[in-house]
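As C-alpha cells, the structure follows; a few thoughts come after it.
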Amino acid sequence: MKKFRFTLQAVFVVRQQQERLALEEYGRCLRARQAAERALQEARKALEDGWRRQRELEASGAPALWLMQGQHWCAALEERCQKAEAAMRQASEQTAAAWTRLAVARRQREAVEKLRQRQWRQHELAMAREEQKQLDELATMRFLAQGDARPAEEGVAIDSLAL
C-alpha cells in the first residue's frame, strides 16, 4: 500500500507554529492585563485610603501644612490611578488584538487541517479501490486457473446436454 503523503505538510506545520505562537502571545497579553487590573485595583484602594486619611485629618483639626501635604498626596494617588487606568485600557486593547490574531491563526490552521482530512479521505478511498482491484484480479486469475483445469469436464457436460 502506498503511504499517505500530505502535499501541504510544510504549510500545515507553519500554521500550527503560527497558532502556537499566537496562543503564547495571547497568554502573555492576558497575564499583562491581569497585572494591570491588579495595579489599578491597588491604585484605587490607595486613593480611597488617601482620601479617608485626608477626611480624618480635616475632622481632627490638623494643621494646615498636614492638610496641604495630604491633598498633594491624594493628587499623586489620583495621577497614579489615571496611569493605571490607561495601562489597563492599553492592556485590554492588546489582549483583544492578540485574541483576534489567535482566531485568525486558528482559522488558517483549521483550513489546512480540513484540506489534509480531505486528502486523507481521498487517499483512503484510492487505497480501498486499489485493494479491491487487486482482489478482483486475484479472483479472476484464480477463476481462470480453475477454468483451465476443467475444460474436459465442461466438454463432457456440454456433450451430455446436447443429447
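According to our numbering, the sequence shown is numbered sequentially starting from 1211. The beta carbon of each residue, even a glycine, is placed where N, CA and C say it ideally should be.
Cβ distance (whole Å) where residue i is taken to contact residue j below 8 Å
i        : j        : result
Leu-1250 : Glu-1295 : 6 Å
Arg-1243 : Ala-1301 : 4 Å
Leu-1287 : Trp-1276 : Leu-1287 to Trp-1276, Cβ: 16 Å. No contact.
Contacts around residue i, its chain only, beta-carbon distance under 8 Å, and the 5 residues preceding and following it disregarded
i        : result
Phe-1222 : Phe-1216, Arg-1319, Val-1322, Glu-1323, Arg-1326
Per-residue DSSP class, three states only, for residue i
i        : result
Phe-1214 : coil
Gly-1271 : coil
Other residues of its chain near residue i: CB distance less than 7 Å, five sequence neighbours each side excluded
i        : result
Cys-1291 : Ala-1253, Arg-1254, Leu-1257
Phe-1214 : Trp-1330, His-1333
Exposure label - residue i; buried when at least 16 CB within 10 Å
i        : result
Met-1298 : buried
Leu-1348 : exposed
Ala-1246 : buried
Same chain only: Cβ atoms within 6 Å of residue i, ignoring 5 sequence neighbours per side
i        : result
Cys-1239 : Gln-1304, Thr-1305, Ala-1308
Assess, as a yes-or-no matter, whether the stretch 1314 to 1326 is touched by the stretch 1224 to 1233 under the definition of 3 or more beta carbon pairs within less than 8 Å.
yes
Segment contact flag, the stretch 1330 to 1343 with the stretch 1245 to 1262, C-beta cutoff 8 Å, min 3 pairs
no
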